[in-house]
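The sequence shown begins at -2 in the working numbering and counts up one residue at a time.
Okay, structure first, notes after.
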Amino acid sequence: MGTGGTVPPNGNKVGFALSFDISPDFAAYGFNGTRGSSGANPDIRVHSGDTVTIHLSNPSKSFHAFGIVTDPDNPNAVVWNSAFKTADNPMKPGDNGDVTFVAGTLGLYHYICTVSGHATLGMDGNFIVK
-2 MGTGGTVPPN GNKVGFALSF DISPDFAAYG FNGTRGSSGA NPDIRVHSGD
48 TVTIHLSNPS KSFHAFGIVT DPDNPNAVVW NSAFKTADNP MKPGDNGDVT
98 FVAGTLGLYH YICTVSGHAT LGMDGNFIVK
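In structure tokens form, the structure reads like this:
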């Protein structure tokens, strides 16, 4: 598990796109598909020091927020200023936006929806810094 330490930018810029998805019966959640479906919650791999931009879209009928965390069970463990919106001020259905940050120290992190319960329901993917 990563420690969340910071490093200076290395000059490399990378981008990714994630959508918040929910099944019609609200039983399965995920990014780029619901948990268990093909392509859902893809691993994101970056290098320490990369400037990362993640484009987020919310086509679902629910409110969401985003962050890279050290512990997927703790939505308050957001690192590197990677939060986009918050559980108290979430993305509304139909909203989209970008978050840009510098990936820090090596390790395994998680990108999650920081709205209570959403990561447990499937909005949890690996964010790997090498």
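Quick reminder that beta carbons are idealized off the backbone N, C-alpha and C, glycines included.
What is the DSSP secondary structure of residue -2, reduced to helix, strand or coil? coil
Measure from the alpha carbon of residue 50 to the alpha carbon of each residue in 74, 78 and 59, then state which is nearest. 78
Report the option in 104, 117 and 108 whose CA atom is closest to the CA atom of residue 16. 108
Determine the burial state of residue -2: buried for a count of at least 16 other Cβ atoms within 10 Å of its Cβ, exposed for fewer. exposed
Cβ-based burial, residue 53 [other Cβ within 10 Å; buried from 16]: buried
Could you have a look at residue 32 and say whether DSSP puts it in helix, strand or coil? coil
Among the candidates 83, 106, 27 and 36, whose CA atom is the shortest distance from the CA of residue 123? 106
How many Å lie between residue 83 and residue 118 at the Cα? 18 Å
Can you tell which of 100, 116, 59 and 39 has its C-alpha closest to the C-alpha of residue 22? 59
Judging by CA-CA distance, which residue of 10, 121, 12 and 2 is the nearest neighbour of residue 70? 121
Is it true that the CB of residue 27 sits closer than 7 Å to the CB of residue 14? no
State the start and end residues of the unbroken beta strand (DSSP E) segment that holds residue 127. Premise fails: residue 127 is in no beta strand (DSSP E) and is neither H nor E.
Beta-carbon separation (whole angstroms), residue 100 vs residue 46, contact threshold 8 Å: 7 Å
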